[in-house]
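Each remark here refers to the structure printed beneath this line.
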């Protein structure tokens with residue numbers, strides 16, 4: 001049994017990790033870390049876990065924790081993992097960080113977009129960006145995984161085949177993304193109250209959202225060119241789900257059939273990326289609760305653009321599910337172990 | 001492997017059966033029956049099943065079906081199962097009927113409340129009411145299971161311990177129930193459109209809802225007295241979930257502690273009924289996607305009444321999950337097989 | 001022009017007062033009071049008022065305020081109005097208190113259920129309970145109005161005709177009520193976050209909710225008997241609306257037609273109470289944004305009970321609209337002035 | 001009093017017209033036309049109108065209707081108005097068509113995108129596109145108004161100032177739009193059921209939506225160049241509201257301040273277009289139930305693009321409200337008459 005510890009287990013992503021790991025036959029959760037609910041029963045914070053999780057929430061002492069477990073998940077705000085991680089920790093446990101601390105290779109870019117000083121830049125280089133579909137082999141050998149952001153995962157997987165194929169202008173990419181409200185976290189803020197979110201939609205972080213450089217970096221690797229994009233997230237009145245609608249200029253004449261072939265080839269071996277039939281638009285309801293990303297593409301001949309679409313559950317493939325997928329790779333398990341639950345509808 | 005067939009697989013309950021059975025290690029679905037989508041790919045009706053279910057929808061020929069499978073689930077409107085079932089069928093397969101056809105022992109009561117003629121009253125007597133927590137032993141030996149209704153399951157399990165203990169006046173019981181909209185089915189009706197249901201709540205079927213005699217019959221068995229109740233269902237703007245708030249007059253002085261002891265004793269061996277801690281009200285969000293029923297009770301000394309509360313997922317414990325629980329009993333499997341998925345939140 | 005001041009203008013009820021008064025041809029709002037947003041533009045707190053309200057939020061100084069206006073609305077938490085009101089204030093302005101401070105005539109009952117000491121019990125006697133349909137004449141002559149609670153307004157108007165007619169057992173009344181989330185206020189609490197409320201329903205305050213004695217007191221006046229009731233509120237995933245489903249034992253044989261006649265007579269002169277046609281259940285969507293209460297009744301001959309139902313908008317008839325209705329009476333205006341906006345659907 | 005008739009009064013837009021006209025002091029509705037509910041009480045179709053509208057639904061006989069009223073609103077599917085209108089009708093009444101029949105000047109474009117043959121192309125030329133902010137003077141003299149589509153209204157008003165100023169590349173415009181579900185109409189379709197729409201978001205009509213040529217035509221007029229755009233609508237789980245996020249390449253260096261000045265100048269006289277303060281993103285909740293469009297703009301210097309945003313209520317400014325605004329202009333009334341209701345929040 002792999003012994004796991006979760007720092008930040010009482011946020012939405014942390015709780016989703018608990019849900020998934022409870023159904024994973026090779027893992028035992030040994031540590032439910034929480035800043036806000038120390039010494040309280042985990043099941044009193046999340047009543048869905050009543051009688052399923054008897055544990056009490058503990059603190060966030062990573063040095064102690066790494067003596068007791070094999071893998072640590074940090075589902076915490078930016079800056080915490082980088083302030084806790086150390087050579088001693090990494091020599092004892094695998095660390096899968098769900099925050100952005102180790103996602104961006106250029107520390108200046110990180111510090112500029114996030115507005116905080118990086119606490120352990122010495123580990124950035126060795127950290128592996130945990131997008132399994134792209135970095136599978138590197139992940140298997142890593143000690144420290146930077147679990148990708150929710151928007152970047154969905155954006156990247158929607159665009160990746162065409163970026164890699166060199167068919168789109170990497171300076172023309174526009175990503176218009178829409179997220180359910182769990183992405184905003186469980187903090188008590190007026191803006192996230194039911195009556196403020198319900199029956200409304202808005203853009204936020206326009207031209208300034210922190211996931212922009214992460215998407216740009218990964219698209220640049222994939223295309224071998226510098227990607228400069230517009231990324232606009234929106235808040236949608238629903239609990240879960242991210243939908244990406246991305247636009248790019250085609251750099252040469254290509255038919256929809258040719259483009260579909262590129263996507264099929266890119267994802268034919270992937271178990272969690274479902275390239276949909278022609279004409280079927282991804283919808284977040286069809287992936288809810290699962291680790292799948294549904295992707296499709298449409299060529300607009302009138303405008304010589306391509307519209308790339310993706311839908312996934314922000315808490316699963318966009319956070320906890322992808323973290324478990326990374327864990328499976330780190331420990332030599334089948335990549336899909338514990339992650340094959342079908343989407344829940346309605 | 002148990003071979004299963006589903007008649008009515010393209011309704012909400014049928015699709016939930018598919019979701020649950022896909023995760024059941026001892027079952028293989030051999031037949032996706034549907035009246036509306038014959039010859040269409042199942043995954044084109046429910047895109048969540050894309051790449052998970054390659055099958056094509058077939059018709060509803062029970063005679064043919066029973067040659068190919070070990071168990072048939074009928075997740076169809078009232079009247080269909082009773083018109084299809086036969087001695088030949090029952091001699092070959094187990095039938096688990098999710099409709100109301102075999103739930104009510106008195107055929108006149110059935111015909112009066114449902115307004116249709118029963119097509120095979122000869123099987124009513126042998127059919128076992130599939131409330132596993134009460135009829136576990138009988139279920140194991142049955143050929144034909146009447147899977148309980150969603151409202152009756154939640155209402156009954158909320159009230160059962162006090163009915164059985166003889167502590168409440170069985171003519172004073174009032175059940176005020178609230179259901180998510182999946183309970184209304186997938187038929188295309190104006191009343192179930194998004195804009196008609198969203199941002200509203202209403203009662204319906206006041207004093208006339210068909211689940212009334214089913215609840216009364218089961219409560220009468222449990223208490224040994226004739227139960228005559230008020231049952232009022234309400235439609236709530238959410239996908240899943242049933243909440244029951246039930247009221248009854250206490251017939252003798254009893255403390256909340258004594259009553260809690262009765263519930264604890266009644267459910268201490270049950271894996272799917274969670275009797276909550278004192279003061280914690282059941283909420284549908286804590287059981288969503290799971291087979292759990294959360295139950296609690298409160299004594300109001302001012303009015304000498306007891307308030308009994310239950311929450312469950314209408315599609316799982318209220319339909320497909322309970323059907324699989326019955327199947328497990330019918331085939332000698334552990335009762336919880338395939339049903340231990342934790343509730344999905346948020 | 002009547003000059004109005006609002007203390008607590010940045011809560012949901014306060015903002016609804018602003019919306020309604022902006023459309024009232026005889027009123028000018030002179031004072032937007034707020035504890036949390038002093039010196040901020042009102043329209044920056046509620047962007048719907050951009051370009052409609054240029055004012056800046058002021059504090060809650062009732063002594064100063066009463067020099068500048070003719071009527072003060074206090075849309076504040078319990079205890080504030082009673083701590084601010086004085087003979088000086090009441091000699092200068094009319095006060096309409098949307099909190100519970102002056103609703104309950106017995107100060108011990110108030111202090112027991114609300115758990116706070118009453119700051120100005122000397123004004124309780126003269127305060128008039130502002131349920132216009134019942135106390136219309138007294139209201140016209142009052143200085144201090146206790147604007148009724150949201151649940152009590154809907155509960156009382158649903159039950160009132162039968163209570164007054166002496167046809168129901170006043171110790172058998174059970175009120176099962178359901179409210180949208182705006183009733184929980186605009187405070188930043190985890191329990192009211194979008195993801196916590198959405199896709200769920202729960203009871204709360206079971207047997208202990210503070211609106212219980214208010215409903216009992218008014219029903220006792222109406223019936224001339226001591227009413228002792230069960231009141232159970234529920235939180236519903238929608239912004240606005242209260243639905244009441246109330247049950248009572250009939251004390252004599254009476255037909256549905258006779259009971260309908262009693263309701264018709266009770267409400268035939270009322271412009272804001274709509275007694276629906278036989279068989280039509282009230283739904284909150286049909287009253288949203290308006291001052292109407294939709295009421296209906298159903299006799300259940302099987303149980304000798306009557307089911308009384310009401311639906312209204314908790315922020316309008318349950319708070320701000322009723323406050324304006326009271327203001328109209330206080331100042332000799334037509335009772336419906338500024339309140340005839342049709343319900344907004346969908 | 002202006003006598004009005006509504007053909008298609010039992011759809012969502014038709015009902016919204018009724019709601020608005022009930023509050024319009026100069027209008028009396030004489031004819032509630034409906035195809036589906038002839039001879040039924042209007043208030044039985046929309047219970048919010050109980051006791052407010054005593055009328056019975058009539059048919060859709062435009063020749064008869066034009067004898068009885070001064071203005072006819074056609075809130076019907078594409079093709080109906082053009083099949084009913086005639087010189088006789090237009091000689092007697094003003095016609096405001098909420099469908100697309102007369103919006104597009106080139107009949108081939110109309111027939112290609114809508115897939116139907118135009119029934120009265122002879123009236124296309126004289127029809128005035130009823131976007132009051134642009135065509136105010138022409139509207140005043142018209143007989144036949146083509147009321148703009150919901151998406152085009154919001155898209156155009158978001159982009160118009162920069163299109164007119166010649167600052168954006170009219171072939172680079174991408175409109176990513178999001179709409180509440182009332183935009184899908186009140187027809188009974190599985191895809192619009194509560195459980196299908198709730199908790200999900202999807203794109204639809206990608207690269208093929210019929211509003212594309214309407215937006216292009218109006219942007220071409222405004223800019224004096226041929227606009228060729230990408231338009232992608234999305235379905236959002238909410239009743240009302242449209243949000244537009246539009247992107248375009250800047251054709252010269254310009255600061256955000258300069259661009260803000262252009263918007264301010266464009267809309268400073270407009271009562272229904274609110275240009276928001278810098279940094280404030282439009283949100284549909286802030287315009288719900290009102291005729292306002294909230295607009296804002298953001299320059300992204302990294303990508304040399306501008307992001308233009310707009311929010312409005314699709315049923316008001318996007319349909320019924322704009323129709324009444326047009327009616328006011330046609331009859332010489334103040335343009336805002338009956339349309340100044342503040343947005344309803346929450």
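Protein chains in written order, with the UniProt record's numbering: chain Y, 1 to 346; chain U, 1 to 346; chain G, 1 to 346; chain R, 1 to 346.
No residue lacks a Cβ here, since even glycine has one placed at the ideal position from N, Cα and C.
Where residue 285(G) meets chain U, residues with beta-carbon distance less than 7 Å:
The sequence position of residue 285(G) within the third chain is 285, counting from 1. Result: 199, 200.
Output yes if chain Y places a C-beta closer than 8 Å to the C-beta of residue 188(G); else output no.
One-based indexing of the third chain puts residue 188(G) at position 188. Yes, because at least one Cβ of chain Y sits closer than 8 Å to the Cβ of residue 188(G).
I'd like to know whether the C-beta of residue 73(G) is nearer than 8 Å to at least one C-beta of chain R.
Along the third chain, read from residue 1 onward, the residue named residue 73(G) stands at position 73. Taking Cβ atoms only, chain R never reaches closer than 8 Å to residue 73(G), which makes this a no.
In the stretch 226-244 of chain Y, which residues sit with their C-beta less than 8 Å from some C-beta in chain R, listed in chain order?
228, 229, 230, 232, 234, 236, 237, 238, 239, 240, 241, 243
Spatial neighbours of residue 281(U) in its chain, beta-carbon cut-off 7 Å, leaving aside the 5 residues before and after
Taking the second chain and counting its residues from 1, one reaches residue 281(U) at position 281. Closer than 7 Å at the Cβ level, and outside the excluded window around residue 281(U), lie 296, 309.
Start and end residues, beta strand (DSSP E) containing residue 309(U)
Within the second chain, numbered from 1, the residue matching residue 309(U) stands at position 309. Unbroken beta strand (DSSP E) run through residue 309(U): 305-312.
Scan the stretch 139-219 of chain G and note each continuous alpha helix (DSSP H) run of 4 residues or more that stays entirely inside, going in chain order.
150-165, 194-197
Grouping DSSP H, G and I as helix and E and B as strand, with all else coil, what is residue 88(Y)?
Locating residue 88(Y) in the first chain gives position 88, counting from the first residue. In the structure shown, residue 88(Y) sits in a helix (DSSP, three-state: H, G or I).
Interface residues of the stretch 48-76 of chain G facing chain R [CB-CB below 8 Å]:
48, 49, 50, 51, 52
Which word fits residue 202(U), buried or exposed, when buried means at least 16 other C-beta atoms lie within 10 angstroms of its C-beta?
On the second chain, residue 202(U) is found 202 positions in, with the first residue counted as 1. With 16 or more Cβ atoms within 10 Å of its Cβ, residue 202(U) is classed as buried.
State the Cα-Cα distance for the pair residue 319(Y) and residue 213(U), rounded to the nearest angstrom.
Locating residue 319(Y) in the first chain gives position 319, counting from the first residue. Locating residue 213(U) in the second chain gives position 213, counting from the first residue. For residue 319(Y) and residue 213(U), the distance between alpha carbons rounds to 47 Å.
Exposed or buried, residue 149(G), counting other C-beta atoms within 10 Å across all chains shown (16 or more means buried)?
Position 149 of the third chain holds residue 149(G). Per the 10 Å Cβ criterion, buried.
Which class does residue 260(R) belong to by DSSP, given the choice of helix, strand or coil?
Here residue 260(R) corresponds to residue number 260 of the fourth chain, with the count starting at 1. In the three-state reduction of the DSSP assignment, residue 260(R) falls in the helix class.
Please say whether residue 66(G) and residue 27(G) have beta carbons closer to each other than 8 Å?
Walking along the third chain from the start, residue 27(G) turns up at place 27. Walking along the third chain from the start, residue 66(G) turns up at place 66. Not a contact, by the Cβ cut-off of 8 Å.
Strand pairing of residue 235(Y), partner residues [DSSP]
For the purposes of this step, residue 235(Y) is identified with residue 235 of the first chain, where counting begins at 1. In DSSP, residue 235(Y) forms a bridge with 179(Y), 202(Y).
Taking contact to mean at least 3 C-beta pairs separated by less than 8 Å, is the stretch 299-309 of chain G in contact with the stretch 327-346 of chain G?
No contact exists between the stretch 299-309 of chain G and the stretch 327-346 of chain G.
With 16 as the cutoff for other CB atoms within 10 Å, does residue 302(R) come out buried or exposed?
Locating residue 302(R) in the fourth chain gives position 302, counting from the first residue. Around the Cβ of residue 302(R), a 10 Å sphere holds fewer than 16 other Cβ atoms; the residue is exposed.
Under 7 Å from the C-beta of residue 207(G): neighbouring residues of chain U
By 1-based counting over the third chain, the position of residue 207(G) is 207. Those are 298, 300, 307, listed as they occur along chain U.
Residue 336(R): buried (16+ other C-beta within 10 angstroms of its C-beta) or exposed?
On the fourth chain, residue 336(R) is found 336 positions in, with the first residue counted as 1. Classification for residue 336(R): exposed.
CB contact flag (residue 343(U), residue 288(U), <8 Å)
Translated into positions along the second chain, residue 343(U) becomes position 343. Translated into positions along the second chain, residue 288(U) becomes position 288. Cβ distance < 8 Å, so residue 343(U) and residue 288(U) count as in contact.
Hey, how far is the Cα of residue 47(R) from the Cα of residue 293(U)?
Residue 47(R) sits at position 47 when you count from the first residue of the fourth chain. Residue 293(U) sits at position 293 when you count from the first residue of the second chain. So the alpha carbons of these two residues sit roughly 36 Å apart.
Beta-carbon separation (whole angstroms), residue 155(Y) vs residue 184(Y), contact threshold 8 Å:
Counted from its first residue, the first chain places residue 155(Y) at position 155. Counted from its first residue, the first chain places residue 184(Y) at position 184. Between residue 184(Y) and residue 155(Y) the Cβ distance is about 18 Å, and since that is not below 8 Å, they are no contact.
Which whole-angstrom value is the C-beta distance of residue 14(U) and residue 75(U), which I expect to be below 8 Å?
Locating residue 14(U) in the second chain gives position 14, where the first residue counts as 1. Locating residue 75(U) in the second chain gives position 75, where the first residue counts as 1. Between residue 75(U) and residue 14(U) the Cβ distance is about 4 Å, and since that is below 8 Å, they are a contact.
Output the boundary residues of the alpha helix (DSSP H) element that contains residue 20(Y).
What you label residue 20(Y) is simply residue 20 of the first chain in a count that begins at 1. Per DSSP, residue 20(Y) belongs to the alpha helix (DSSP H) from 12-22.
One question on the structure: do residue 6(G) and residue 32(G) come within less than 8 Å of each other, judged by their Cβ atoms?
Stepping through the third chain from its first residue, residue 6(G) is reached at position 6. Stepping through the third chain from its first residue, residue 32(G) is reached at position 32. By the CB criterion at 8 Å, residue 6(G) and residue 32(G) fall inside the cutoff.
Please state the DSSP three-state secondary structure of residue 292(G).
For the purposes of this step, residue 292(G) is identified with residue 292 of the third chain, where counting begins at 1. Coil at residue 292(G), not helix or strand.
Would you report the Cα separation of residue 51(U) and residue 43(U), rounded to the nearest angstrom?
Indexing the second chain from 1 puts residue 51(U) at position 51. Indexing the second chain from 1 puts residue 43(U) at position 43. Going from the Cα of residue 51(U) to the Cα of residue 43(U) covers about 8 Å.
Using 8 Å as the limit for Cβ to Cβ distance, is residue 44(G) near chain Y?
Taking the first residue of the third chain as position 1, residue 44(G) is located at position 44. So, not an interface residue.
Taking the DSSP output, what are the residues bridged to residue 33(G)?
Here residue 33(G) refers to the residue found at position 33 when the third chain is read from its first residue. 58(G).
Closer than 8 Å, CB to CB, is residue 334(U) near chain Y or not?
Position 334 of the second chain, counting from 1, holds the residue named residue 334(U). No, because no Cβ of chain Y sits closer than 8 Å to the Cβ of residue 334(U).
Shortest alpha-carbon distance to residue 223(R) belongs to which of 236(R), 139(R), 190(R), 157(R)?
Counting from 1 along the fourth chain, the entry for residue 223(R) is found at position 223. It is 157(R) whose Cα lies nearest to the Cα of residue 223(R).
By how many angstroms is the C-alpha of residue 247(U) removed from the C-alpha of residue 152(U)?
Mapped onto the second chain, residue 152(U) falls at position 152. Mapped onto the second chain, residue 247(U) falls at position 247. Computed Cα separation, rounded: 15 Å.
From the DSSP output, which residues share a beta bridge with residue 129(G)?
As a working mapping, residue 129(G) is identified with position 129 in the third chain. Its beta-bridge partners are 146(G).
Using CA coordinates, which residue listed in 241(U), 137(U), 144(U), 77(U) is at the minimum distance from residue 71(U)?
As a position in the second chain, residue 71(U) is number 71, starting the count at 1. Considering only alpha carbons, the answer is 144(U).
Which residues in chain R have a C-beta closer than 8 Å to the C-beta of residue 196(Y)? List them in chain order.
In the first chain, residue 196(Y) corresponds to position 196, counting from 1. Residues of chain R passing the Cβ test: 285, 346.
Under 8 Å between C-beta atoms of residue 192(R) and residue 194(U):
For the purposes of this step, residue 192(R) is identified with residue 192 of the fourth chain, where counting begins at 1. For the purposes of this step, residue 194(U) is identified with residue 194 of the second chain, where counting begins at 1. Closer than 8 Å, so yes.
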